[in-house]
Amino acid sequence: MDILPADKIEEYFLEFDEINDSSLGQSFEGAGFDSLNSLRNMGSSFVYIIISLLYCSLIFGAKLFISSGQIYSKFIFQIEKRYE
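Read left to right, the sequence shown gives residues 1 to 84 (the UniProt record's numbering).
In structure tokens:
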């Protein structure tokens, strides 16, 4: 059971071939793997992974932006100090 409606979210962003998509066998289907497509089998785990990657890239970008601002301000401070 998934907390998120992963099927609806995935269908909004991705397009799957419904006609040729089936499980490998009855044992896989009984275990909840109804598709050959791994993204569909992952369910909401795929959504959580994508959200985590987006969050990490946002944090990395923010840190990079902040550190570049600090470097810029140190550079400007040294230039102003030279010409005083």
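Note that CB positions come from ideal geometry on N, CA and C, so glycine has one too. Keep in mind that this is a model prediction, so the values were computed, not measured.
Residues near I66 by beta carbon distance below 7 angstroms, same chain, minus five either side | none
In angstroms, rounded to a whole number, what distance separates the CA positions of I59 and I79?
-> 30 angstroms
If you follow the alpha helix (DSSP H) that E15 is part of, which residue opens it and which one closes it?
-> Careful: E15 lies outside any alpha helix (DSSP H) and carries neither H nor E.
In chain order, what residues of the same chain have a beta carbon less than 7 angstroms from the beta carbon of I50, not counting five sequence neighbours either side?
-> none
Alpha carbon to alpha carbon, how far is I3 from R40?
-> 15 angstroms
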